[in-house]
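Residues in the sequence shown are numbered from 2 upward in steps of one, following this note's numbering.
Ideal placement from N, C-alpha and C gives every residue a C-beta, glycine not left out.
Owing to the predicted nature of the structure, the values given are computational and were not obtained by experimental measurement.
Below: one structure, written as structure tokens.
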Amino acid sequence: MVAKPRSRCCCCSVFIGVIILIAIIIAVIFTIRHRSNHSDDDGSNVKNYANALKIAMQFFDIQKSGKLENNEISWRGDSGLKDGSEASIDLSKGLYDAGDHMKFGFPMAFTATVLSWSILEYGDQMASLNLLDHAKDSLKWTTDFLINAHPSPNVLYIQVGDPVTDHKCWDRPETMTRKRTLTKIDTKTPGTEVAAETAAAMAAASLVFKESDTKYSSTLLKHAKQLFDFADNNRGSYSVNIPEVQSYYNSTGYGDELLWAASWLYHATEDQTYLDFVSENGEEFGNFGSPSWFSWDNKLPGTHILLSRLTFFKKGLSGSKGLQGFKETAEAVMCGLIPSSPTATSSRTDGGLIWVSEWNALQHPVSSAFLATLYSDYMLTSGVKELSCSDQSFKPSDLRKFARSQVHMHINLVSYFSS
Ligand SMILES: *[C@@H]1O[C@H](CO)[C@@H](O)[C@H](O)[C@H]1NC(C)=O
């Protein structure tokens, strides 16, 4: 695993780090509750994780745009109420990106996908801390925006606000008066990665709401299918077609988002077409054998792990040829993370924190820890005892230990800078 050259910019991806942190904390709580024989996971740790999760969840509330409901953040109020009016649609909801008042569709959709994944896998643990409804409300706040941003099958609004003017204004969203420019993709100006990521978000969220709100769930699924077709049938990168976005969330390609979206659609529909899509396009887009870093730009490691999930749990798919490359690459990603593995990544600090990029440096350790926890749970749940890395084998507990180390360093860093 070699770090990609860092992108030039990005004021903004703080957001993603926090979201994934939430997921991983949840995952770690899960780990601890189920493995209380670990001597380093005593009761006070569980309490610390629970606190961290609660605080991390507030982040969504703080970032909310629109007419707020049950707002508990004293310094936040209604804002962005006319967003979308230029196109006669309601884009008032959704989440601001970071310290600015931009709504960037590409990372916002990724946030919704990962939040959905953590609710799907660890919702029970959220419920035990009374945070499940909170998480689902925050997810719905985002998917409500995404639904409205997709007014017809081949049109998706991907940005609200003009980053150049926005970043010059040090004001509150509640009092901003500048023009809220809209940016969209359509068949003339396609944006495969952002359409596909939005499809992934909606497919994943449709699973979250499947039981609690059937109607909402099928609306999400309808949008997800349309967006996937739009993305696939009109291939082109949004950051090539709309070069202005390059200074913010530049995409390095759309193949990963197509596979990721198809994987989520398969989980949501069990429609064979989507499974065929990943099998047929894996060689071209899956970067088999080359571990990489899960992030708002690169969905491949997430896709590898999500598709391995099928080989662990879905009858008839354990030896599936079409999924083999994904499964092997998922293993390679995991082997890269375990510090004592012969193929361990060297992208770490001396203290052992994953270190890939100076921009939002914590996004990679937390996303890696999230995937490691998921994978170790898949192994444990399906009774797979060992992971082979070259000539050595490792246990699910090695992955958990890695995940815990990243979260501990993360929490320590955050406490250090906020004390
Ligand atoms: C955006 O990414 C593309 C593809 O990786 C690259 O060629 C381009 O230079 C990047 N643009 C910026 C502004 O970093």
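- For a cut-off of 8 Å, the C-beta gap from V209 to K137 is around 6 Å, short enough to register as a contact.
- Distances taken from the Cβ of T182 to the heavy atoms of ligand 1 include none shorter than 7 Å.
- In terms of Cβ geometry, A113 and L69 do not form a close pair [threshold 8 Å].
- Distance from the CA of S240 to the CA of G303, rounded to the nearest whole angstrom, comes to 22 Å.
- DSSP lists Q160 as the bridge partner or partners of T184.
- Using a C-beta cut-off of 8 Å, the stretch 272–287 makes no contact with the stretch 176–196, since fewer than three inter-stretch Cβ pairs fall below that distance.
- Using a cutoff of 7 Å, the CB of T253 counts as near ligand 1, since one of the ligand's heavy atoms is closer than that.
- Beyond the five residues adjoining it in sequence on each side, A269 comes within less than 8 Å, by CB distance, of A204, A205, S207, L208, L222, A225 in the same chain, given in chain order.
- Q247 has its CB nearer than 7 Å to a heavy atom of ligand 1.
- For F146, the enclosing alpha helix (DSSP H) has its first and last residue at 133–149.
- Three or more Cβ pairs closer than 8 Å define a contact, and the stretch 280–295 meets that threshold against the stretch 248–260.
- Our two residues, W360 and H411, have alpha carbons roughly 15 Å apart in a direct line.
- Classified as buried, T330 has 16 or more neighbouring CB atoms from the shown chains inside 10 Å of its CB.
- A residue is called buried once 16 or more other Cβ atoms fall within 10 Å of its Cβ, and L82, having fewer, is exposed.
- Beta-bridge partners of R179 (DSSP): none assigned.
- Within the chosen limit of 7 Å, ligand 1 reaches the beta carbon of S240 through at least one heavy atom.
- In this chain, S89 is not harboured by any beta strand (DSSP E), its DSSP state being neither H nor E.
- In its chain, beyond the 5 residues on either side, D187, T188, F231 have a beta carbon closer than 6 Å to the beta carbon of N155.
- With 16 or more other CB atoms across the displayed protein chains lying within 10 angstroms of its CB, A202 is buried.
- Residue state for C336 is assigned as helix, using DSSP reduced to three classes.
- Nearest in C-alpha terms to Y267, of all of F229, N413, P292, H135, is F229.
- Within its own chain, the residues whose Cβ lies closer than 6 Å to the Cβ of F395, once the five positions on either side in sequence are excluded, are I339, L388, listed in chain order.
- Collapsing the DSSP output to three states places F210 in coil.
- A straight line joining the alpha-carbon of H151 with that of F111 spans about 16 Å.
- Counting along the chain, S389 sits inside the beta strand (DSSP E) bounded by residues 388–390.
- Rounded to whole angstroms, F105 and T176 show a C-alpha spacing of 20 Å.
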